[in-house]
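Numbering (this note's numbering), first residue to last: 5 to 146.
Glycine is no exception: its CB is placed at the ideal position from the N, C-alpha and C atoms.
What follows is a single structure, written as structure tokens, with notes after it.
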């Protein structure tokens, strides 16, 4: 999945029904940080959320992060050269694997299949997304 350098922000939100329409609320912090501007028009991508158990863990992390100072919350949870074992949760439009780590931070992993477990090395970290390469394909029994 190709992610544009123009990506402004990445956050989790619920879709709420309001009358005859549905609303996704943008967190106030995204406006305050200047990533997006009130009244402007943006493209929005909607991705499926993790399973309920995983959502509970992410929600707990987000609650803890809300109590941290702003700069600490904005630091990506991965670093270039770091290795992690992850499960590919989804595939992007161009076939690249998508996984999420702490706080729902997205990591794009080319040449993977949905449901596959892999050890990856982070090769590029941006503010809202990271890219990684497969180091090893891991068996579910290990």
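Query raised in the report: Are the Cβ atoms of residue 111 and residue 136 separated by less than 8 Å?
Result: By the CB criterion at 8 Å, residue 111 and residue 136 fall inside the cutoff.
Query raised in the report: Based on the DSSP output, what are the partners of residue 107 in its beta bridges?
Result: In DSSP, residue 107 forms no bridge with anything.
Requested in this report: Using three-state DSSP, classify residue 32 as helix, strand or coil.
Outcome: Shown here, residue 32 sits in a helix according to DSSP, grouped into three states.
Query raised in the report: With DSSP run on the structure shown, which of helix, strand or coil describes residue 26?
Result: In the structure shown, residue 26 sits in a strand (DSSP, three-state: E or B).
**Report entry** Under the three-state DSSP convention, the category residue 130 falls into
**Finding:** Looking at residue 130 - three-state DSSP - the assignment turns out to be coil, as it is neither helix nor strand.
Query raised in the report: With C-beta atoms as the reference, is residue 84 less than 8 Å away from residue 35?
Result: Cβ distance not < 8 Å, so residue 84 and residue 35 don't count as in contact.
Query - Neighbour-count burial assignment, residue 19, 16 or more Cβ in a 10 Å radius - result: Burial call: exposed.
Query raised in the report: If you follow the beta strand (DSSP E) that residue 88 is part of, which residue opens it and which one closes it?
Result: Element bounds for residue 88: 87–91.
Query raised in the report: What residues in its chain sit with their C-beta under 8 Å from that of residue 119, if we drop five residues either side in the sequence?
Result: If we look at residue 119 and ignore the five residues flanking it on each side, its Cβ neighbours are 91, 92.
**Report entry** Close beta carbons around residue 130, own chain, < 6 Å, minus the five adjacent residues each side
**Finding:** There are no such residues.
Query - Straight-line Cα distance separating residue 100 from residue 43 - result: The straight-line gap separating the alpha-carbon atoms of residue 43 and residue 100 is approximately 33 Å.
Query - residue 27 classed as buried or exposed, judged by whether at least 16 other C-beta atoms fall within 10 angstroms - result: Exposed, since its Cβ has fewer than 16 Cβ neighbours within 10 Å.
Query raised in the report: Is residue 124 buried or exposed, if buried means 16 or more other CB atoms sit within 10 Å of its CB?
Result: Buried.
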